[in-house]
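Please read the structure below before turning to the comments.
Numbering (this note's numbering), first residue to last: 501 to 628.
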């Protein structure tokens, strides 16, 4: 099915909308967790167990009825990984270096070319 495989120095993880599988360096299954939901594809609205539980946790935290399972900093890291992969793909699968302390690209040219957006006239952010 659809999903993402992230390779690290100590193993890899296969993630999709139903859960994840964590593998060690030798390819052995270390841990897995699946919700049993039927959610699939690229639908953002979802409705399957993973989406439902995620949204419930978020809303509970906003109401002060719980804490986030993943703090915003962790979510930012996950989101950045997606951006890094997309930028690498747009650059012909280029190898990119990221400062692990800041999460920013080491090559300023990459930032100028790809880490920005186009704004509609009148909606540009102020210069700092």
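No residue lacks a Cβ here, since even glycine has one placed at the ideal position from N, Cα and C.
### Message
Mapping the DSSP letters down to three states, classify residue 597 as helix, strand or coil.
### Response
Note: residue 597 maps to coil in three-state DSSP.
### Task
Ignoring anything shorter than 4 residues or poking outside the region 573 to 622, list the alpha helix (DSSP H) runs there in chain order.
Segments of the alpha helix (DSSP H) lying fully in the region 573 to 622: 608 to 614.
### Query
Just reading off the beta strand (DSSP E) that residue 628 is part of, what are its end residues?
Residue 628 -> no beta strand (DSSP E), and no H or E assigned at all.
### Query
Would you report the Cα separation of residue 507 and residue 513, rounded to the nearest angstrom?
Between residue 507 and residue 513, the C-alpha separation is close to 7 Å.
### Rounded separation between residue 584 and residue 595 - CA only
If you draw a straight line from the Cα of residue 584 to the Cα of residue 595, it is about 10 Å long.
### Message
Taking 8 Å as the threshold (C-beta atoms), are residue 614 and residue 590 in contact?
### Response
Result yes, Cβ atoms of residue 590 and residue 614 sit closer than 8 Å.
#### Entry: Integer-rounded CB distance, given that residue 510 should sit under 8 Å from residue 520
That pair is no contact at about 15 Å.
### Message
Can you tell me whether residue 552 is helix, strand or coil according to DSSP?
### Response
Three-state DSSP puts residue 552 in a helix.
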